[in-house]
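Colleague: Going by numbering that gives the first Met the number 0, the first residue of the sequence shown is number 0, and it counts up by one from there. Backbone N, C-alpha and C define an ideal beta-carbon position, used for all residues, glycine too.
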Amino acid sequence: MIVTSRLELHPFTIPLAAAIAAADGTGQQWATGFPREDDQDAARMFLRAPSAEFGSYEIKTSETGQTVGTIGFFGPPEENGTVMLGYGLVEQARGFGYATEALRALVTYALARPEVARLVADPDLDNFASHGVLEKCGFTRTGQTETAALYTLTR
Numbered sequence: 000m001i002v003t004s005r006l007e008l009h010p011f012t013i014p015l016a017a018a019i020a021a022a023d024g025t026g027q028q029w030a031t032g033f034p035r036e037d038d039q040d041a042a043r044m045f046l047r048a049p050s051a052e053f054g055s056y057e058i059k060t061s062e063t064g065q066t067v068g069t070i071g072f073f074g075p076p077e078e079n080g081t082v083m084l085g086y087g088l089v090e091q092a093r094g095f096g097y098a099t100e101a102l103r104a105l106v107t108y109a110l111a112r113p114e115v116a117r118l119v120a121d122p123d124l125d126n127f128a129s130h131g132v133l134e135k136c137g138f139t140r141t142g143q144t145e146t147a148a149l150y151t152l153t154r
């Protein structure tokens with residue numbers, strides 16, 4: 000688990016990922032709107048290739064214990080040390096700095112691993128809030144596709 004001042008990032012387990020993928024909140028403390036489609040996609044990706052070190056995390060607020068989103072890697076680093084990451088929060092948890100706080104913690108975690116040379120994220124072109132989060136966390140916009148902005152952070 001990764002702990003920040005207001006958040007706990009709990010690594011996915013197979014039972015948790017299965018519950019998120021199925022949107023089965025039985026026994027879970029999930030905020031309204033969780034899981035989002037992207038959370039379910041992250042859970043399915045984890046179930047296809049579980050990874051303890053470069054997997055996904057549920058984002059819980061320390062105050063309520065509710066899961067408000069997910070954050071994580073899209074797998075282990077490539078041979079050149081590049082690792083892709085993504086994150087998202089339910090609507091009611093946006094605007095409080097949770098995404099920035101969670102991303103800073105994940106960046107610190109990733110850059111502490113010698114095999115990681117570069118972090119990459121690709122938020123939707125019109126997701127300006129996410130662009131701001133990435134920039135606050137030290138990422139630089141390095142390009143774009145038809146639908147996504149490309150951000151990188153290099154050691």
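1. Can you tell me whether Pro-76 is buried or exposed, with buried defined as 16 or more other CB within 10 angstroms of its CB?
2. With distances taken from CA atoms, which of Gln-27, Pro-49, Ser-55 is nearest Ala-37?
3. Since Ile-19 and Ala-42 are thought to touch, with beta carbons under 8 Å apart, how far apart are those beta carbons, to the nearest angstrom?
4. If we require 3 or more residues per run, which beta strand (DSSP E) segments fall completely within the segment 79 to 117?
5. Under the assumption that Val-67 contacts Tyr-97 (Cβ atoms under 8 Å), give the Cβ distance between them as a whole number of angstroms.
6. What's the gap between the Cα of Asp-123 and the Cα of Gly-26?
7. Within 10 Å of its beta-carbon, does Pro-14 have 16 or more other beta-carbons around it, so buried, or fewer, so exposed?
Modeller: Short version:
1. buried
2. Before going on, a small fix: residue 37 reads as Asp here, not Ala. Checked all of Gln-27, Pro-49, Ser-55; the closest Cα to Asp-37 is Ser-55.
3. 4 Å
4. 81 to 88
5. 6 Å
6. 33 Å
7. exposed
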